[in-house]
Amino acid sequence: MTGYHANSNRECNRDMTNKSKAVVWENVPSPFCGIGTDDLSIEVDGTALKVLQNGCSVNSAGFEEPVTDTDPRVGGETVTLEEAVAKAADILRETNLPLVGGLATDVNGMRAALALADRIGAVVDNMNSTAAMRNLLALQSGGWVNTTLAEVKNRADLLLMVGGDVESLFPRFFERCVWNQDAMFVDDTTKRDVVFLGRAPAGDAATAPDGRAAEVLACSNADLPEVVAVLRALIHKKVIRANEVGGVPLASLQILAKKLKHARYGVVSWVAGSLDFAHAELMVQTLCEMIKDLNETTRCSGLPLGGREGDQTANSVCGWITGYPVRTSYASGHPEYDPHVNAAERLLTNGEADALLWVSAFNVERTPPATDVPTIVLGRSGMVFEKEPDVFVPVGTPGIDHSGHAYRMDNVVALRLHKLRDSGLPSSAEVLSAIEHAVM
Amino acid sequence: MLIKLTGGTVYDPARGVDGEVRDLYVRDGRIVDSPNDTAIDKEYNLYGKVVMAGAIDMHTHIGGGKVTIARTLLPEDHRRDPFQRTDLLRSGCGHAAPSTLTTGYRYAEMGYTAGFEPAMLPTNARQAHMEMGDVPMIDKGGYVMLGSDDFLLRMMAQRKDQQAINDYVAWTIKSAQAIGVKVVNPGGISAFKFNQRSLDLDEKHPHYGTSPRAILKCLATAVKALGVPHPLHVHGCNLGVPGNMETTLKTIEAMEGLSVHLTHIQFHSYGTEGDHKFSSGAAQIAEAVNANKNITVDVGQILFGQTVTASGDNMRQHANHNHAHPNKWVCMDIECDAGCGVVPFRYRDRNFVNALQWAIGLETFLLIDDPWRVFLTTDHPNGAPFTTYPHLIRLLMDKTFRNDQLTRINPEAAAMSSLGSIEREYSLYEIATMTRAAAAKLIGLTDSGHLGASARADITVYTEQEDKEAMFAKPDYVFKDGDLVVRNGEVVKVVWGTTHVVRPEHDDGIEKSLRDYFDRYLTMKLENFTMSDGEITEDGRGSLSVHPCSTGGEA
Ligand SMILES: [Zn+2]
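Those protein sequence lines, which keep their order, are chains A and B. Counting in numbering that gives the first Met the number 0, the first sequence runs from 0 upward without gaps. Counting in numbering that gives the first Met the number 0, the second sequence runs from 0 upward without gaps.
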């Protein structure tokens, strides 16, 4: 049996509850990979999932994670969902500054988390904020000129990857968006120019189908700010008195500057999560300003890769409901954004937050940070804790256990996620709303 | 539950009622005829009050990616206008690009009961609807953007017949859950991706060879053929460019009688006279609008102060980025579908150009004779936030106030404007026309914008005051679908409006070529692209209201 019927205005018939025999679902969208892969073929047998086609290290692992625990626990003892919710509400009611963290969930989960946070005066932060803020701070300081995946696929003649290990984090990016066979405005996609600045690619995904390896201008991540600043200066024809910068020969950077200026549609991509050095947002801003400069004469666009584990979803929903990204506090009765003060890690290590509600519906590895404050976890089934939280509610994963919406890295496309199996696990939205009602 | 609204002075232009004392009856969310035999459950004494249908904003950017980019870009603007949580209302923020919840509350507090997002990208329709789903109090809907999407431009370049284009337009309307179609800088957003920096009405697209004129005619013809009530919503070429009134006049001519709505016409009414080579073209534009009954316009009035401009027109937004205030801006190319540009802006009354823009908008309002064909907008937030509407209404209704404001703007601009010599003051009936009756008619909402039997009981009650700004800022009562939701300008009940859509019929054959195109060139599968009804209704708050198309459309 094949599980989809295209239909523009009726819900596709994908709510699968037949447990008796294996069913195969086609064109399943993934909330795991950030680039919105939606061509997966997945077999469902009971609660076991198997990616049959188009899997990758990220998506196959994400979908195939087995369901283990389905019962909520309080203090390590199995309880009913109602009891777990009541205990969570008891904890939150007693707090002065609760922290709603993790926030790896879907749009409805995020909506419910914000409704709860608004009610209890909590701070909201996402588990990937340290990375996401490198982009958001650059955006809020200067803005940017960005593009989306289909434009890259059809238009890019030059791709500059800055500092990131794209391949292991986004395994199918090159296959889907760079080495695609058909492109509307690129005669021969195999001739696309791919240049890595900083870290060399981990594998050969960036190697062209004709065997041409990507060009690598290698330097350490710590040297990237300087290298990127020099690249921007070269684009402005500034004279640089050096033969190399961060180990990159100046002549190579001069050639790269020329390529960027002559590309019809250059794309500059980076993975904020890989830029693990202090004030990486300043380098991102330099990149964004460089891209703006290039657009005075040609076209060039940024492509920040990210969006895994719901970080793009969290910031988008928080953006429209509060006006701000995450790291927003409801403590004074209205949203107040502070990307430094409201960082989850800081609030916990400084002893400012006095309870933690952690939502992590995608990845069992993403457990809450170590803390002594009372902790409530709404987590994917199968999580193993170093320290048992005060309350644990196993929740369903969006796009597997319930329908929902998740954002892709380019912040434009929201994927409609489908329920693939009947595990009985509640959605994070359901549990968060129940806690909100219990806390009143 | 039967509610009686007794003795109000009713302005209901859809039925020709101009300030007559009438009783209204409301049952189950609808207006009903006088039910002689039934007991009244609740009565409101409205003697001496002004009663109108709930107001409809037919062009306001309240949902979709570029609005949230604008929100995210400007934390400093939000910080000046926090919205505090109450027992009833969620917290949020206001000013230029308010949070969704605050947007809904503030519209309702001004007596608005519907707002339409005019720039819904097909690829971003989900987000637009999800954001509008978080806007309480008002009904909503979206116009889906076409005209720079590669699928249409390919069809035109391949000279596909109009019928196939109609099918594609209908399919897009349905898949995006839209109530109308908008075109923004026809072909220009695509041309910008090819590094073209301007595209005039008869200029050829660098890749496809199509002209904006051809795109406009093609889409306006499709919208008409499909029987979609709202005519093609047009954001024309050359937005903001001095001398663009010539383009606008040519655009009106080019339509050869086909119905189109020209949006934020103020930004398209500029001449090149005077020392600054910038002058008002409002008189010529108004004359053309008066003469061509197939044309409707909304103004896109600018008002002074900080705001943020958010548009699909990234070609023109990029050209204006040097004016960004504060100095930060975003442009995006989007999915072979469209684009967007977000540029914060501060309109200054002492600046010649801004002051003249202000005057041009007001001249436009006052020189177009027919309030059924000119609509009250600031193109929120592009000209000013929607919360300035009461002020704008006062400028239209109160000549003394208007002339007083005119003395405060850049004197050169004031001298170049005919505004001071215009005597006209809008009447309450005319305000009710442009903000209610005509807006509903233009969009194709048969049961909104009026107070006749079977209409939605969306009703706003004001106390008539000399100061029209004060009057329109704070209604005594607002009813939404029969519920009292605002009392004395404050929300007393939170409701969730419906989403208005149309569903024109089309030949399913179009899906075959679309499927092939999606598989080859896009990054989504066709069936993952189309929006289902459940996505709007499944949370139990949202609902869909399907409006009929005039020919063949599914009711
Ligand atoms: Zn607009």
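We put the CB at the ideal spot given by N, CA and C, even for glycine. What you are looking at is a predicted structure, and each value in this text was computed from that prediction instead of being measured.
Judged by pairs of C-beta atoms under 8 Å, the segment 329–348 of chain B does not touch the segment 252–263 of chain B, as fewer than three such pairs exist.
Threonine 247(B) has its Cβ no nearer than 7 Å to any heavy atom of ligand 1.
The beta-carbon of tyrosine 104(B) is placed no less than 8 Å from the nearest beta-carbon of chain A. Residues are counted here when their Cβ sits less than 8 Å from a Cβ of chain B; for the segment 92–103 of chain A the count is zero. The continuous beta strand (DSSP E) containing cysteine 330(B) extends over residues 328–333. Leucine 72(B) reaches chain A at Leu138, Gln139 and Gly142, counting residues in chain order whose Cβ is nearer than 7 Å.
Between the alpha carbons of glycine 423(A) and glutamate 76(A) lies a distance of about 19 Å. Non-local beta-carbon contacts of glycine 245(A) in its own chain, meaning distances under 6 Å to residues more than five positions away in sequence, involve Cys218, Asp222, Glu225 and Val226 in chain order. Taking 7 Å as the upper bound on Cβ-Cβ separation, chain B lies near no residue of the segment 204–235 of chain A.
Assignment of beta strand (DSSP E) within the segment 16–47 of chain A, counting only whole runs of 3 or more residues, yields 22–27 and 39–44 in chain order. Arginine 105(B) carries a helical assignment under DSSP once its states are collapsed to helix, strand and coil. Rounded to the nearest whole angstrom, the CA to CA distance from valine 168(B) to aspartate 203(A) is 42 Å.
Short note on alanine 354(A): C-beta not closer than 7 Å to any heavy atom of ligand 1. Looking at Arg133(A), Ala21(A) and Pro170(A), the one whose alpha-carbon comes closest to that of alanine 277(A) is Arg133(A). A distance below 8 Å separates the beta carbons of serine 268(B) and threonine 247(B). For proline 121(B), the three-state secondary structure derived from DSSP is helix. CA-to-CA, the gap between valine 57(A) and leucine 168(A) works out to about 8 Å. Following the DSSP letters along the chain, one finds arginine 514(B) inside the alpha helix (DSSP H) bounded by residues 509–520. By the beta-carbon neighbour count (other beta carbons within 10 angstroms, threshold 16), threonine 67(A) is exposed. Checking the DSSP bridge columns, you'll see glutamate 42(B) partnered with Lys3(B).
Nearest CB-CB separation between leucine 414(A) and chain B: below the 8 Å threshold. Beyond the five residues adjoining it in sequence on each side, isoleucine 399(A) comes within less than 6 Å, by CB distance, of Leu419 in the same chain, given in chain order. In the three-state scheme derived from DSSP, where H, G and I count as helix and E and B as strand, tyrosine 10(B) is classed as strand. Leucine 427(B) carries a helical assignment under DSSP once its states are collapsed to helix, strand and coil. DSSP places valine 227(A) within a helical segment (H, G or I) once states are collapsed to three. Runs of beta strand (DSSP E) with 3 or more residues, each lying fully within the segment 142–210 of chain A, are found at 142–145, 157–161 and 192–197, listed in chain order. Legend: CB atoms of the segment 233–245 of chain B lying less than 7 Å from CB atoms of chain A are not found in any residue. With contacts defined by Cβ atoms closer than 8 Å, phenylalanine 471(B) and methionine 109(B) form a contacting pair.
Under the three-state reduction of DSSP output, arginine 84(B) falls in the coil class, being neither helix nor strand. Under the Cβ distance rule, alanine 131(A) does not count among the residues neighbouring chain B, no pair being separated by less than 8 Å. Interface with chain B (8 Å Cβ-Cβ cutoff): methionine 183(A) is included. The shortest C-alpha to C-alpha distance from glutamate 364(A) to any of Pro373(A), Gly163(A) and Arg379(A) is the one to Arg379(A).
Taking every protein chain shown into account, the CB of arginine 407(B) has fewer than 16 other CB atoms within 10 angstroms, so this residue is exposed.
Nearest in C-alpha terms to aspartate 515(B), of all of Trp328(B), Glu526(B) and Asp506(B), is Glu526(B). If you check the CB distance, histidine 229(B) and glycine 311(B) do not come in under 8 Å. For isoleucine 458(B), the uninterrupted beta strand (DSSP E) run begins and ends at 458–462, by DSSP.
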